[in-house]
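Everything below concerns the one structure shown next.
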Amino acid sequence: DPHHLIFVADTDGALLWLEGRPATLSSVNEAGVVVGGSYAERHRGTSAIGTSLAEGRPLQIFAGEHFEVGFHTLGCSAAPVRDPLSGEIVGAVGVSGAFTATHPHSLSVVALAARSIEHELLAAAQTDVARFLNMTEATFSVLGRQRGHVRIGPRHVELSRRHTEMLLLLCLCPEGLSAEQMAVELYGAAGRPGTVRTEMHRLRHSLERLIGERPYRLLGRVDCDVLDFERRLEASDVREVLDRSLGPTLSATTVPRLVDLRDAIDGRIRDAVLASGDVALIERWLRTPAGRDDAEASRRLMGHLGRDDPRRAAERSRLRRLMVSDVGDGGP
Numbered sequence: 002d003p004h005h006l007i008f009v010a011d012t013d014g015a016l017l018w019l020e021g022r023p024a025t026l027s028s029v030n031e032a033g034v035v036v037g038g039s040y041a042e043r044h045r046g047t048s049a050i051g052t053s054l055a056e057g058r059p060l061q062i063f064a065g066e067h068f069e070v071g072f073h074t075l076g077c078s079a080a081p082v083r084d085p086l087s088g089e090i091v092g093a094v095g096v097s098g099a100f101t102a103t104h105p106h107s108l109s110v111v112a113l114a115a116r117s118i119e120h121e122l123l124a125a126a127q128t129d130v131a132r133f134l135n136m137t138e139a140t141f142s143v144l145g146r147q148r149g150h151v152r153i154g155p156r157h158v159e160l161s162r163r164h165t166e167m168l169l170l171l172c173l174c175p176e177g178l179s180a181e182q183m184a185v186e187l188y189g190a191a192g193r194p195g196t197v198r199t200e201m202h203r204l205r206h207s208l209e210r211l212i213g214e215r216p217y218r219l220l221g222r223v224d225c226d227v228l229d230f231e232r233r234l235e236a237s238d239v240r241e242v243l244d245r246s247l248g249p250t251l252s253a254t255t256v257p258r259l260v261d262l263r264d265a266i267d268g269r270i271r272d273a274v275l276a277s278g279d280v281a282l283i284e285r286w287l288r289t290p291a292g293r294d295d296a297e298a299s300r301r302l303m304g305h306l307g308r309d310d311p312r313r314a315a316e317r318s319r320l321r322r323l324m325v326s327d328v329g330d331g332g333p
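With this note's numbering as the guide, the letters of the sequence shown map in order to residues 2 to 333.
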């Protein structure tokens, strides 16, 4: 808005930050509003900053209501910000501008801004406490599963498919997701945040203090095997990853981000298996749901088997079946 600026002050009324268009900044500077100045009541009398801090509530000071004559051209709204844990006032936030442009709704805006800041402070405090006390460490197993399994200390929790998807999305988005963002991830543009809030309430209850809110995010440390498989592959531990992926990973999911993740997992495991040139690993890959129709892997296995190896007949049959299938589907 070209007629207003926003400000933040500390608990003593010192102005820490002032932001607005140059012309507006220049006009309030001329009126005596500058970063670094103190606007506590004991220094400047009645003003939005000082009086909101003194009374501990949002308020609006208009034109001649200011004690200082230099502020009579201004209309200001401010609200105190409180520490969400102790309840003590830690500062103030507000808007200021020419009194001719002041609107009663400005007071509601700054009150909402103060509450939003307090929610962010609470989220940060919860995260810091969880990290400091190491409150929650969990392992989340999804690889080769339709429904995730979470272990938190001695507790074991089997998740529903939807809750598995929600927790995995939070693992992929450590910065957190709002209810609206989660709804879009899960259901597309028609997703309803209310549905997400209901399901997330149930998920948070089952996992105790593992998930925070506003936004939804992980508070503790979660070791997720799906995200750890890349490290295992890089460590050449292909056998272990293949052992754990013998079943389909979230094959029923339709969540785009998770479909991409599942396909990427299958692709990376396949590449590692074929690159190994290990006959036993290729055979095991061909027994997985993702590999059973892999013609290239079957050809690679055929190339490693001796002419008299009885396994060649089974692979020849597989390749013939896949070729017939490709022709039936309009392939080459």
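Every residue gets a Cβ at the ideal spot worked out from N, C-alpha and C, and that includes glycine.
Only a predicted model underlies this, so the values are computations on that prediction, with no experimental measurement involved.
Buried or exposed by the 16-neighbour rule on C-beta atoms within 10 Å, applied to residue i
i: W18; result: exposed
i: S78; result: buried
i: L86; result: exposed
i: A314; result: exposed
i: H67; result: buried
i: P155; result: exposed
i: G92; result: buried
i: G195; result: exposed
i: S107; result: buried
i: R322; result: exposed
i: S27; result: exposed
i: A126; result: exposed
For residue i, the nearest candidate out of the options (CA to CA)
i: G177; options: P81, L204, E159 and A124; result: A124
i: L208; options: A24, E297 and L220; result: L220
i: S252; options: R240, R58 and T165; result: T165
i: L204; options: R240, L306, M183 and S161; result: S161
i: D294; options: G189, V91 and S318; result: S318
i: T255; options: R43, L187 and S28; result: L187
i: H202; options: S277, A180 and L259; result: A180
i: V29; options: D11, L323, V111 and F72; result: F72
i: G33; options: L262, L75 and A298; result: L75
i: R43; options: R271, D13 and G189; result: D13
i: A296; options: M324, R308 and D279; result: M324
i: G88; options: A115, S107 and G292; result: A115
i: D224; options: S142, D11, R271 and G189; result: S142
i: A291; options: G278, P23, R271 and D279; result: R271
i: G189; options: R148, P257, V35 and L262; result: P257
i: V280; options: L306, D261 and R263; result: L306
i: A112; options: A49, R148 and E159; result: A49
Bridge partner(s) assigned by DSSP for residue i
i: A93; result: A10 and P81
i: Q61; result: S78
i: F141; result: V151 and C225
i: S39; result: A15
i: G21; result: L6
i: L178; result: Y217
i: H157; result: R152
i: I212; result: L219
i: G98; result: H5 and G76
Sub-8 Å separation of residue i and residue j beta-carbons
i: V94; j: I118; result: yes
i: D38; j: L54; result: Reading off the sequence, residue 38 comes out as Gly, not Asp. No, the Cβ-Cβ distance between G38 and L54 is not below 8 Å.
i: A64; j: G51; result: no
i: R146; j: T289; result: no
i: H120; j: R218; result: no
i: R45; j: E20; result: no
i: P59; j: A80; result: yes
i: E138; j: R210; result: no
i: G57; j: I90; result: yes
i: L275; j: L169; result: no
i: R240; j: L282; result: yes
i: V82; j: V96; result: no
Close beta carbons around residue i, own chain, < 6 Å, minus the five adjacent residues each side
i: L122; result: P85
i: I212; result: R205
i: R152; result: T140
i: S299; result: E316, R319 and L320
i: V197; result: A180, M183 and A184
i: P333; result: For P333, the pLDDT reaches just 49, beneath the cut-off of 50, and the residue's location in the model is therefore unreliable, leaving the point undetermined.
i: D11; result: L17 and G92
i: D264; result: none
i: V36; result: L16 and L19
Cβ shell of residue i (< 8 Å), same chain only, five flanking positions each side left out
i: L228; result: C172 and L173
i: H157; result: H150 and V151
i: M303; result: R313, E316, R317 and L320
i: L134; result: Residue placement at L134 cannot be trusted, given a pLDDT of 48 that sits under 50; what the coordinates show is reported in the next sentence. Contacts found: none.
i: E200; result: R163, H164 and M167
7 Å CB neighbourhood of residue i in its chain, flanking five on each side removed
i: H4; result: T25, G98, A99 and A102
i: R193; result: A184
i: E284; result: L302
i: V9; result: L17, W18, G92 and V94
i: E159; result: R148 and H150
Cβ-heavy atom distance, residue i to the ligand MN, below 7 Å
i: A139; result: Ligands are entirely absent from the displayed structure, and the ligand MN is therefore not among its contents.
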